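Protein chains: 4
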Amino acid sequence: MATKPIPFAELLKSAPKNWGRFGPDDEIGALNFLTKEEVLRGIRSVKSGKVFTLGVPLARPGGDPLYPSRSQPIRTMAMDKGFYLNGTATPFPGGMEYADDVITMFLQGTTQYDALGHVWHGDTLYNGYDAKTTMGGLQKCSIEPIANHGVVGRAVLLDAARYRGKANLDAGERITLDDMLEIAKQQNSPIEKHDIILIHTGWLKRFYDKGFEGIFPGGAFNEPGLGYSPELVKWFHEMEIPSLGTDTIASEQTSHEESGTMIPLHMALLHYQGVIFNEIDWLHDLAEDCAKDSQYTFLFVGSPLKVVGGAGSPVNPVVIK
Amino acid sequence: MATKPIPFAELLKSAPKNWGRFGPDDEIGALNFLTKEEVLRGIRSVKSGKVFTLGVPLARPGGDPLYPSRSQPIRTMAMDKGFYLNGTATPFPGGMEYADDVITMFLQGTTQYDALGHVWHGDTLYNGYDAKTTMGGLQKCSIEPIANHGVVGRAVLLDAARYRGKANLDAGERITLDDMLEIAKQQNSPIEKHDIILIHTGWLKRFYDKGFEGIFPGGAFNEPGLGYSPELVKWFHEMEIPSLGTDTIASEQTSHEESGTMIPLHMALLHYQGVIFNEIDWLHDLAEDCAKDSQYTFLFVGSPLKVVGGAGSPVNPVVIK
Amino acid sequence: MATKPIPFAELLKSAPKNWGRFGPDDEIGALNFLTKEEVLRGIRSVKSGKVFTLGVPLARPGGDPLYPSRSQPIRTMAMDKGFYLNGTATPFPGGMEYADDVITMFLQGTTQYDALGHVWHGDTLYNGYDAKTTMGGLQKCSIEPIANHGVVGRAVLLDAARYRGKANLDAGERITLDDMLEIAKQQNSPIEKHDIILIHTGWLKRFYDKGFEGIFPGGAFNEPGLGYSPELVKWFHEMEIPSLGTDTIASEQTSHEESGTMIPLHMALLHYQGVIFNEIDWLHDLAEDCAKDSQYTFLFVGSPLKVVGGAGSPVNPVVIK
Amino acid sequence: MATKPIPFAELLKSAPKNWGRFGPDDEIGALNFLTKEEVLRGIRSVKSGKVFTLGVPLARPGGDPLYPSRSQPIRTMAMDKGFYLNGTATPFPGGMEYADDVITMFLQGTTQYDALGHVWHGDTLYNGYDAKTTMGGLQKCSIEPIANHGVVGRAVLLDAARYRGKANLDAGERITLDDMLEIAKQQNSPIEKHDIILIHTGWLKRFYDKGFEGIFPGGAFNEPGLGYSPELVKWFHEMEIPSLGTDTIASEQTSHEESGTMIPLHMALLHYQGVIFNEIDWLHDLAEDCAKDSQYTFLFVGSPLKVVGGAGSPVNPVVIK
């Protein structure tokens, strides 16, 4: 038996891949499944016109939820009423004054999309590009082509917390493929081919209730979520799932005990299949509403910024029910 | 006759206002018009499922189009393949490596939304809040409530460049209310109450064709666009227009010669009526497509980031035809 | 008896002030005492030519010591060998390649000087300027005039940790005027008029030994250092001390229990007398050396950056023994 | 004859090198020449106690002089009186309020030092380190060891502008070795072994007089300064010059016509000999003073920040005459 951690090249040697499937120049992966027809399928899922925005507050006093290696966003003023009160600034002709601000942030330091070149193992990015093309800015598989395309289609919310009968999954708790299918069944919202999948774990709400300790209990990064299995990976491939979003920082169960690896779905889904990962979504209000009206499917519009060479981008996804 | 510039308090003393109309705590202005019913009206305008994203490239080598008092966005790498090649970074268990980046930017230094507290004259913001609440971050009328709500509804594109028979309007060229109505008529796309209005001037394309000289000819900031008139302002009020977007930096004719003021629609529409301004939209491809299929109305989804206290936010608006 | 905290206007109503002493336009305070003669006195204190630099490492992986309301510095690459390896960058004619980097930091987020406009109480800055002149950037009493002048003179190191017979003072531990004078006496290094004073508490070394817990035990900000007393304040005034530097974040005992105030020396010395505060100095190696050669006085050269409107500046002070 | 540009490997194949001279772990190059004895020589050059600070204003409204690929520094407020006026911030116990600010800047975007790993050709840094060690931050030859050491010694100012009888050298104008020696002779200030050399060209003053056009006439980067020749390079090696500073952005004549290369002294002096380059010094006031008192030699104290992995650092050098 292999020594842990099992290298991804070994663990995933038989895993399905979409490299080359969409041509040698492809940089958007499973987003290719979101054709005009799928957009119309999303449009048809709209019933009442209710809108939910899934971004979290950004540059909040007290801090934002983000991966520990990233710094908190810093937003500061470049212009405000104070500049006029003391003569630093002069109003425009007619008397207009304005406020203006600057932000410094990790592009993935809030609700965000990963580019397909955000992660890899060995020397090769999604679709076979050289990983050295990431140096100094992603020449390939940046967030820009994803932002050019947009993420528009039908989505289904899977309320894993409600399924488990608690406010949130526990640290490290796993959701399996069977769980996913069972949740969809109990919700009476079967997952269709090409559906965008959102998974509500309740984990993110712990941040706003309990602070950093809520999502890093004891200082550890050990999120609950969808857990790797060959069956799950195969199912995503067969269902041609374009995108996965959750209310955690990495959108999957952090540690895969059986293989000793960390966040293996970033490899098996994002890197191999080109599934677009959407992270740190605020799903609480949406999940509450779905529980009330029993409508778990809707139009989803995710639109990251066209950051040239960017490994990711902040986003405020929109759900229209 | 008044000496120019005529102060806005004088010029706009009879202009219609929405202050108080949506309650004393309102911070989203004309966005209140975008109810569930209006969302459904937008949904119904979708025909083919074609998607357009209106953001411009961000942090482009060579520079981005932005207002001269703002600095160019700076995007730099915090992690890439180079960090692994020389041992600066260690792969995750299993072998995952990643790229990560940081951005410093003016929040309005690319395609963006203005918050309602972004501009004012005198001491008072939209809805009567004290302008001193902008100091250190917008306590009132920040971009956050706009981002919470989302900008979702039916939009109409008015192709002013095509109407004038040229690739782009000239520096300082005015579009009047009559022009707007005539464009809509010629396009066979009558403007309905509560429509989001997009105006294509062709101006922004000059930046990508000719560089900074293209949009600041001779170093001057003198954009074409919708020009102030009492009639225009009254029409916006009666039509209850929620939002205005264009392919210029300030979304209106820069100088109003008759009054000697600058960007008076920021006062008459944004500040007085709470119309949400969306700026630096890439409308070229959309306008080309509308000319081909004669469909000038569609679903519009604008979703700025929930920047706490922010005077504005970058955005990548989505159009679904 | 007054209720705690006693307002500074009350606590310091009889405290000596240098406002107006150096003219109505003065922005450098006690730095005025550092005349050419004092520079020469510093020069004469040099014996061996040994050099010590007092800055701490900046943007260190693992974090830097700084006041909790400030964010960690972020340093990222704008150019390095990786950009050439993958063709992102082209060498200069002849073949030169280069590395370049960008930093985002609080100007006081490392070893630093405070500007005289950095702190105040009520509505008035040092020398009587309106505190509203700080809005949007310090129009008065910024770090720029201090940086123009430079901080050059004779300094004396007072090793408070050694005096107390331990590696570092404890959290909240006070050094009194009598302690200062006794330390100088035991060191055989009497403090002269116009001496720059450096106080070694050993506190900063706890950060590098024990991390954030070392300097924020239990999450509290409670530093040891010089403690407020009317006598101490009077002594500084009579001795015309130009500058005070220590190896803590705020260069004084954090809490003054008797008055219930926080960092009162920032008011009594910096704000009232214009004493220039220098914080987060690395004094460990210097103190070790002074203990060895018994030379506790030397030339000091402090040279913050000329940040226009800056409330402070990073610095790497130089000691020449 | 070789085709231009002649590669540096060819042009400098016989040029003197200090690689290995100071041991295999050396990262400070010619700074090793600045021993305690040289510090004392600098101390002895002090006559009157006059102090000059050589930094330029940083983050100035209107812009700073910097290399065109770098962005202007952005300084913004994180705290000021405005935050207290509107209740955003609460005074400390006792009533202290404060101002605080944040900067984003290129580390070489103002008066600065280059690290020895800032430039190279081919695959190798100063002293033989692999150029790939620059990726993600300089593991070798960063500015940190230079900042730990400090740049302290005797310096000589060579007033090339005065020598040529004009306010400033012209664009691209060359100073040769013979010029240097003749300037020193005319000034009656012979250059001694281990002297820090400062060259006044007057070029930088054009920026403050004429704006960007003053130093980038017609948009070109074509600075005057010391020009490459094998003799000059040999002389620097024999004289063991530790550091070179000037009032231009790159501290040397930009283009070397004979070889078709750009800034060859960055290779021949900095990269091969480990000479520490100091750029964008404000030398105008110092040069005026030297002309008056005929004292062209003095103590120099340069103290960049200890930026971990930094390719350079801002600095405000101090001259004591």
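Chains as they are written, first to last, in this note's numbering: chain A, 2 to 322; chain B, 2 to 322; chain C, 2 to 322; chain D, 2 to 322. Ideal Cβ placement from N, Cα and C applies to all residues, glycine included. Treat the numbers as computed from the prediction; the structure is a model and nothing was measured.
What are the complete alpha helix (DSSP H) segments, minimum 4 residues, inside the segment 83-148 of chain B?
-> Counting only runs of 4 or more, we get nothing.
In angstroms, rounded to a whole number, what distance separates the CA positions of C/ALA116 and C/LEU12?
-> Position 115 of the third sequence, counted from the start, is the residue given in the question as residue 116 of chain C. Position 11 of the third sequence, counted from the start, is the residue given in the question as residue 12 of chain C. C/ALA116 and C/LEU12: Cα-Cα distance of roughly 23 Å.
Taking buried to mean at least 16 other C-beta atoms within 10 Å of its own C-beta, is C/GLN187 buried or exposed?
-> By one-based count along the third sequence, residue 187 of chain C stands at place 186. C/GLN187 should be labelled exposed.
Fully enclosed by the segment 190-240 of chain A, which alpha helix (DSSP H) runs are 4 residues long or longer?
-> DSSP runs (the alpha helix (DSSP H)) wholly in the segment 190-240 of chain A: 204-211, 213-216, 231-240.
B/ASN169, buried or exposed, once every other Cβ within 10 Å from all chains shown has been counted against 16 | By 1-based counting over the second sequence, the position of residue 169 of chain B is 168. With 16 or more other Cβ atoms from the protein chains shown falling within 10 Å of its own Cβ, B/ASN169 counts as buried.
Terminal residues of the continuous beta strand (DSSP E) containing A/ILE321?
-> Taking the first sequence and counting its residues from 1, one reaches residue 321 of chain A at position 320. Taken as a continuous stretch (DSSP letters only), the beta strand (DSSP E) holding A/ILE321 covers 319-321.
Just the C-alpha distance for B/TRP20 and A/TRP236, rounded to the nearest angstrom, thanks.
-> Here residue 20 of chain B refers to the residue found at position 19 when the second sequence is read from its first residue. Here residue 236 of chain A refers to the residue found at position 235 when the first sequence is read from its first residue. When the Cα atoms are used, B/TRP20 and A/TRP236 turn out to be separated by approximately 54 Å.
When the cut-off is 8 Å and only beta carbons count, does B/GLY83 lie next to chain C?
-> Translated into positions along the second sequence, residue 83 of chain B becomes position 82. Taking CB atoms only, B/GLY83 has a neighbour in chain C less than 8 Å away.
Do A/ILE104 and A/ILE75 have their CB atoms nearer than 8 Å?
-> In the first sequence, residue 104 of chain A corresponds to position 103, counting from 1. In the first sequence, residue 75 of chain A corresponds to position 74, counting from 1. Against a cut-off of 8 Å, the Cβ pair of A/ILE75 and A/ILE104 comes out as a contact.
For B/CYS291 versus B/ASP160, is the C-beta distance shorter than 8 Å?
-> The sequence position of residue 291 of chain B within the second sequence is 290, counting from 1. The sequence position of residue 160 of chain B within the second sequence is 159, counting from 1. Cβ distance < 8 Å, so B/CYS291 and B/ASP160 count as in contact.
Could you confirm whether any beta carbon from chain A is found closer than 8 Å to the beta carbon of D/ALA79?
-> Locating residue 79 of chain D in the fourth sequence gives position 78, counting from the first residue. So yes, D/ALA79 belongs to the interface.
Contacts that D/TYR241 makes with chain C (C-beta to C-beta distance below 8 Å) | Against the fourth sequence, residue 241 of chain D aligns to sequence position 240. The question names Tyr, yet the displayed sequence has Glu at residue 241 of chain D. Those do not exist, as D/GLU241 stays about 17 Å from chain C at its closest Cβ, beyond 8 Å.
Less than 8 Å separating the beta-carbons of A/MET154 and A/LEU35?
-> Walking along the first sequence from the start, residue 154 of chain A turns up at place 153. Walking along the first sequence from the start, residue 35 of chain A turns up at place 34. The question names Met, but residue 154 of chain A in the sequence shown is Gly. With contacts defined as CB atoms closer than 8 Å, A/GLY154 and A/LEU35 qualify as a contacting pair.
Just checking, does the segment 236-246 of chain A make contact with the segment 189-203 of chain A on the three C-beta pairs under 8 Å criterion?
-> The segment 236-246 of chain A and the segment 189-203 of chain A touch, with no fewer than 3 CB-CB distances between them shorter than 8 Å.
Give the straight-line distance between the Cα atoms of A/ILE281 and A/THR112, rounded to the nearest whole angstrom.
-> Sequence index remark: in the first sequence, residue 281 of chain A carries index 280 (1-based). Sequence index remark: in the first sequence, residue 112 of chain A carries index 111 (1-based). For A/ILE281 and A/THR112, the distance between alpha carbons rounds to 5 Å.
Give the interface partners of D/ASN317 over in chain C, defined as CB-CB distance under 7 Å, in chain order.
-> Mapped onto the fourth sequence, residue 317 of chain D falls at position 316. Residues of chain C with a Cβ closer than 7 Å to the Cβ of D/ASN317 are, in chain order, ALA148, SER304, PRO305, LEU306, LYS307.
State the DSSP-derived secondary structure class of A/ARG165, mapped to helix, strand or coil.
-> Translated into the one-based positions of the first sequence, residue 165 of chain A becomes position 164. If DSSP states are grouped into helix, strand and coil, A/ARG165 belongs with coil.
Quick one: using the 10 Å Cβ neighbour count with 16 as the cut-off for buried, is C/GLU39 buried or exposed?
-> The sequence position of residue 39 of chain C within the third sequence is 38, counting from 1. C/GLU39 is buried by the Cβ-count criterion.
Please work out which residues of its chain come closer than 6 Å, Cβ to Cβ, to C/PHE23, disregarding the five sequence neighbours upstream and downstream, and give them in chain order.
-> As a position in the third sequence, residue 23 of chain C is number 22, starting the count at 1. ASN33.
Under 7 Å Cβ-Cβ, which residues of chain A neighbour B/VAL276?
-> As a first step, residue 276 of chain B must be located in the second sequence, where it is residue number 275. Residues of chain A passing the Cβ test: none, with the nearest at roughly 15 Å.
Hey, does A/GLN140 have any beta-carbon neighbour from chain C nearer than 8 Å?
-> One-based indexing of the first sequence puts residue 140 of chain A at position 139. Among the residues facing chain C, A/GLN140 is included, as its CB has a counterpart in that chain under 8 Å away.
By Cβ distance below 6 Å, which residues in the same chain neighbour C/ALA172 in space, the five residues on each side in sequence not counted?
-> For the purposes of this step, residue 172 of chain C is taken as the residue at position 171 of the third sequence. Within the same chain, C/ALA172 has close Cβ partners PRO218, ASN223.
Under 7 Å from the C-beta of D/GLY1: neighbouring residues of chain C = This structure does not reach residue 1 of chain D, given that chain D is present from 2 up to 322, and the question cannot be answered.
Just the C-alpha distance for D/LYS82 and A/GLY129, rounded to the nearest angstrom, thanks.
-> As a position in the fourth sequence, residue 82 of chain D is number 81, starting the count at 1. As a position in the first sequence, residue 129 of chain A is number 128, starting the count at 1. Pairing D/LYS82 with A/GLY129, the inter-Cα distance amounts to about 55 Å.
Limits of the beta strand (DSSP E) - the one that D/MET80 falls within | To locate residue 80 of chain D, count along the fourth sequence from 1; it is residue 79. 75-80 is the span of the beta strand (DSSP E), which, as asked, contains D/MET80.
Within its chain, find whatever has a CB closer than 7 Å to the CB of D/ASP102; leave out the 5 residues flanking it on each side and keep chain order.
-> The residue labelled residue 102 of chain D in the question sits at position 101 within the fourth sequence. So the qualifying residues of the chain are ARG76, THR77, MET78, ALA79.
Drop a sphere of 10 angstroms on the beta-carbon of B/GLY275, count the other beta-carbons inside from all chains shown, and report buried for 16 or more, exposed for fewer.
-> The count along the second sequence starts at 1 and reaches residue 275 of chain B at position 274. Buried, by the Cβ-count rule.
For chain B, is any of its Cβ atoms less than 8 Å away from the one on D/LYS211?
-> The residue given as residue 211 of chain D occupies position 210 in the fourth sequence. No - not a single Cβ of chain B is within 8 Å of the one on D/LYS211.
Would you say A/GLY137 reaches chain C, if we count a Cβ-Cβ gap shorter than 8 Å as a contact?
-> Within the first sequence, numbered from 1, the residue matching residue 137 of chain A stands at position 136. Among the residues facing chain C, A/GLY137 is included, as its CB has a counterpart in that chain under 8 Å away.
Which residues, in order along the segment 186-216 of chain C, keep a beta-carbon less than 9 Å from a beta-carbon of chain A?
-> Hits within the stretch: zero.
Output the distance between the C-alpha atoms of A/MET2 and A/LEU233, rounded to the nearest integer angstrom.
-> Working through the first sequence from its first residue, we reach residue 2 of chain A at position 1. Working through the first sequence from its first residue, we reach residue 233 of chain A at position 232. Confidence at A/MET2 is low in this model, with a pLDDT of 49, below 50, so the placement of that residue is unreliable and no value is reported for it.
What does C/LEU108 touch in chain A if you count any residue whose Cβ is under 9 Å from its own?
-> The count along the third sequence starts at 1 and reaches residue 108 of chain C at position 107. Think of a sphere of 9 Å around the beta carbon of C/LEU108: no beta carbon from chain A falls inside it, the nearest being about 11 Å out.
For D/ASP160, which three-state DSSP category applies?
-> One-based indexing of the fourth sequence puts residue 160 of chain D at position 159. Residue state, collapsed to three classes: strand.
Neighbour list for A/THR105 in chain D, Cβ cutoff strictly below 8 Å | In the first sequence, residue 105 of chain A corresponds to position 104, counting from 1. What A/THR105 touches in chain D: VAL103, THR105.
DSSP state of C/VAL47, grouped into three classes?
-> Locating residue 47 of chain C in the third sequence gives position 46, counting from the first residue. Secondary structure of C/VAL47 (DSSP, three-state): coil.
Between A/LYS322 and B/PRO69, what straight-line distance do the alpha-carbon atoms span, to the nearest angstrom?
-> Position 321 of the first sequence, counted from the first residue, corresponds to residue 322 of chain A. Position 68 of the second sequence, counted from the first residue, corresponds to residue 69 of chain B. Going by the C-alpha atoms only, they are around 41 Å apart.
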